[in-house]
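K.L.:
Below is one structure. I have some questions about it.
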Amino acid sequence: MARAFVYPVGDPNAGKPLEIERGGDVVLVIEVKQGDVGQTGADTAQDVTGWTTQLTLTPDVNSLTKTLIKAGAVVNGAAGTISFSLARADTKDLEPGTYDADAWRIDSGSARQLVFGPIIVRGGSLHPAAA
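Residues 56 to 186 in the numbering used here are what the sequence shown lists, from first letter to last.
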């Protein structure tokens, strides 16, 4: 079962939806567990070596329009670690608000949602370097 995008245990914001700054750089890191892909061993790392992954943001859960699509990078295959790097150019045009986000394994024949939930984009003013 896919998990939600939330701050990790130990973070002062643990359990809350992730927040990113409009016009800022951010790297979202997920750790895929065997339970996330329907296998036994819910807390055991899933080997993601060679996986193709994608992060998408949409204005709301019912929207078919993808506001942002980013490919993921396997950081540590055996540990199940995947990162999604969002550069200023990716975030500068996002309107502040709450977006529906999800991360998928998109390999042919193995498509599966890994993580989902809201991501909040903050910022009434644009990061100076993104203007």
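No residue lacks a Cβ here, since even glycine has one placed at the ideal position from N, Cα and C.
Computed from a predicted model, the values in this text were never measured in an experiment.
When burial is assigned at 16 or more other CB atoms within 10 Å of the CB, is G177 buried or exposed?
P.N.:
One point to set straight first is that residue 177 is Arg, not Gly, in the sequence displayed. R177 sits exposed, since fewer than 16 C-beta atoms from the chains shown fall within 10 Å of its C-beta.
K.L.:
Compare the beta carbon distance of Y154 and T108 with 8 Å and say whether it is the shorter of the two.
P.N.:
no
K.L.:
With C-beta atoms as the reference, is S138 less than 8 Å away from A128?
P.N.:
Cβ distance < 8 Å, so S138 and A128 count as in contact.
K.L.:
Checking 8 Å against the spacing of the C-beta atoms, do K88 and G132 come in under that value?
P.N.:
no
K.L.:
Should the stretch 90–102 be regarded as contacting the stretch 63–72, the criterion being three or more beta carbon pairs within less than 8 Å?
P.N.:
no
K.L.:
Could you tell me if T146 is buried or exposed, where buried requires 16 or more neighbouring beta carbons within 10 angstroms of its beta carbon?
P.N.:
buried
K.L.:
How is Q89 classed by DSSP in three states: helix, strand or coil?
P.N.:
In the structure shown, Q89 adopts helical secondary structure according to DSSP, grouped into three states.
K.L.:
For the alpha helix (DSSP H) containing T146, name the first residue and the last one.
P.N.:
R143 to T146
K.L.:
Who are W159's beta bridge partners in DSSP?
P.N.:
Q109 and Q168
K.L.:
Could you tell me which residues DSSP puts in a beta bridge with L123?
P.N.:
By DSSP's assignment, L123 forms a beta bridge with L112.
K.L.:
Please check the pair L83 and L110, which I expect to be a contact at CB under 8 Å, by giving their CB distance rounded to whole angstroms.
P.N.:
Rounded, the Cβ-Cβ distance is 7 Å, consistent with contact.
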